[in-house]
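The structure appears below as structure tokens.
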Amino acid sequence: MTAIKWGIIGCGAVTEKKSGQAYNKIDDSKLVAVMRRDAEKAADYAQRHHVDRWYSDADELLNDPEVNAVSIATPPDSHLEYAKRAIAKGLNVYVEKPVTRNAAEAQAMADAVHAADAKLTVAHYRRALPMFLHVKKLIDTNAIGDIRTVQIRMWQSPRPKLVEQSAPNWRLQPEVSGGGYFHDLAPHQLDLMLYFFGEPAVYSGYSLNQGGFSPADDHVTGQIIFKNKIVVDGSWCFNVAKTEIIDRCEIVGTNGKITFPFFGNFVTCKIGEEEETVEFVQPEHIQQPMITRIVAYFKGEGPNPCTIDEAVVLMKIMDAFTLQHKL
């Protein structure tokens, strides 16, 4: 395969800046078709972004003879079905996060990938961002000694600025999203924990709806113990006062601490009394570094930057946090 010709299923807000334009800024990659059920919006997207063809039916895009890779950017309730249909057509697949609504659906996707020996990558794109590669390097070089504990705090108001507030808000419809804001934001954070620390040994948590602002739970807490004995404690609350909003990860070791936000642009490393903060400029299109790696993978020139099997483990953790002890 000499060039990757992309089609987007679900050319909504997430593709406007984060990914859609990136497909045309990578060697041997081009966005040739988009699909959205609203034909007027699909046509508008294609015109604004200079895309050759648009469709309002997913099957028409999947049957486009030029398309050899599909980006699935719809809400999570349709990810499994579209992925299976794309795999059946022999297409390469890139799936937005969360990969599915739950672990059972993720495993069904994995089964389809393995049965067809297909290529599918999950959009845990923070793995490719320089900021988080810097964190990984600090961990891998033992900069803060042996890591003992990791503390994640993601506390936001009932209408977090980190999340696009659409109407209707499908993110707060568990039958569509799998849960609430936790299902939208936590995949980025928990996937990085897997990327940094490897295979988990045990995990459990609790989930509840404290505020009653929507059908979705707004408070989740969970713990992961990795096989290397690193412990991760996480707290996600989406009903705090604006004055208490926080996005912070602290990785604490025997010699120091690494601190960073998941949705920010700096990493602080403190060793003894010495402290250094490195600031980063995020890419214009946040998914472009990941898509660059995916293009290489689809062409047979590199490894899969995030496999469906890794995403299955992530979804098992999320299920454990939100379904195991639901209050």
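Offset between the sequence shown (1-based) and our numbering: plus 4.
Where a beta carbon is used, it is the ideal one built from N, C-alpha and C, also for glycine.
If you're wondering where the values come from, they're calculated on a predicted model, not measured in any experiment.
TODO: For residue 183, count neighbouring Cβ atoms within 10 angstroms of its own Cβ and tell me buried if that reaches 16, exposed if not.
DONE: Residue 183 is buried by the Cβ-count criterion.
Task: Rounded Cβ spacing between residue 127 and residue 100 (contact assumed at less than 8 Å) - done: Right, the Cβ-Cβ distance comes to about 5 Å (below 8 Å), so this counts as a contact.
TODO: Give me the Cα-Cα distance between residue 102 and residue 174, rounded to the nearest whole angstrom.
DONE: For residue 102 and residue 174, the distance between alpha carbons rounds to 13 Å.
TODO: Answer with buried or exposed for residue 270, where buried requires no fewer than 16 other C-beta atoms within 10 angstroms of its C-beta.
DONE: Burial call: exposed.
Task: Cβ pair residue 121, residue 299 closer than 9 Å - done: In this structure, residue 121 keeps its C-beta atom at 9 Å or more from the C-beta atom of residue 299.
TODO: May I have the straight-line CA-CA distance separating residue 60 from residue 124, to the nearest angstrom?
DONE: Using only the alpha carbons, I get a separation of about 23 Å.
Task: Own chain partners of residue 250 with C-beta closer than 8 Å, once the 5 adjacent residues on each side are dropped - done: Answer for residue 250: 157, 158 and 159, listed in chain order.
Task: Among 167, 116 and 205, nearest to residue 192 - alpha-carbon criterion - done: Closest option to residue 192, Cα to Cα, is 167.
Task: Residue nearest to residue 330 in terms of C-alpha spacing, selected from 203, 321 and 210 - done: The residue with the shortest Cα to Cα distance from residue 330 is 210.
Task: Closest residue to residue 279 among 97, 292 and 262 (Cα-Cα distance) - done: The option with the nearest alpha carbon to residue 279 is 262.
TODO: Enumerate in chain order the residues of its own chain whose CB-to-CB distance from residue 202 is below 8 Å, with the five nearest sequence positions on each side excluded.
DONE: So the list reads 230, 231 and 232, once near-sequence residues are dropped.
Task: Rounded C-alpha distance that separates residue 268 from residue 139 - done: The alpha-carbon atoms of residue 268 and residue 139 are separated by roughly 13 Å.
TODO: Confirm, please, whether the CB-CB distance from residue 24 to residue 53 is below 9 Å.
DONE: Yes. Within cutoff.
Task: For residue 138, the first and last residue of its enclosing alpha helix (DSSP H) - done: Counting along the chain, the unbroken alpha helix (DSSP H) around residue 138 starts and ends at 134-144.
Task: residue 24, DSSP secondary structure in three states - done: The three-state secondary structure of residue 24, taken from DSSP, is helix.
Task: Residue range of the unbroken beta strand (DSSP E) whose run includes residue 208 - done: Annotation: the continuous beta strand (DSSP E) that includes residue 208 extends over 204-212.
Open item on the list: Checking 9 Å against the spacing of the C-beta atoms, do residue 333 and residue 148 come in under that value?
Closed with: A question about residue 333 goes unanswered here, because the residues of the chain that appear run from 5 up to 331.
Task: Contiguous alpha helix (DSSP H) assignments of at least 4 residues, all confined to the region 64-141 - done: With a minimum length of 4 residues, the continuous alpha helix (DSSP H) runs that stay inside the region 64-141 are 83-92 and 107-120.
Open item on the list: In the DSSP output, what is residue 230 paired with across the bridge?
Closed with: According to DSSP, which records beta bridges pairwise, residue 230 is partnered with 204.
Task: residue 65 to residue 308 span [Cα, whole Å] - done: Near 24 Å, if we compare the C-alpha coordinates of residue 308 and residue 65.
Open item on the list: Beta-carbon within less than 7 Å of residue 150's beta-carbon, same chain only, minus the 5 sequence neighbours each way: which residues are those?
Closed with: Once the five neighbours on either side are set aside, the close Cβ partners of residue 150 are 257 and 258.
Open item on the list: In whole angstroms, give me the CA-to-CA distance for residue 325 and residue 51.
Closed with: Here the alpha carbon of residue 325 sits roughly 43 Å from the alpha carbon of residue 51.
- [ ] Taking only the alpha-carbon atoms, compute the straight-line gap between residue 296 and residue 163 and give it to the nearest angstrom.
- [x] Near 33 Å, if we compare the C-alpha coordinates of residue 163 and residue 296.
- [ ] Within its chain, find whatever has a CB closer than 6 Å to the CB of residue 217; leave out the 5 residues flanking it on each side and keep chain order.
- [x] Apart from sequence neighbours up to five positions away, the residues of its chain that approach residue 217 with a beta-carbon distance below 6 Å are 162, ordered along the chain.
- [ ] Determine the burial state of residue 276: buried for a count of at least 16 other Cβ atoms within 10 Å of its Cβ, exposed for fewer.
- [x] With fewer than 16 Cβ atoms within 10 Å of its Cβ, residue 276 is classed as exposed.
Open item on the list: With H, G and I counted as helix, E and B as strand and the rest as coil, what does DSSP make of residue 193?
Closed with: In this structure, residue 193 counts as helix in the three-state DSSP scheme.
Open item on the list: DSSP three-state label for residue 44, please.
Closed with: Collapsing the DSSP output to three states places residue 44 in a helix.
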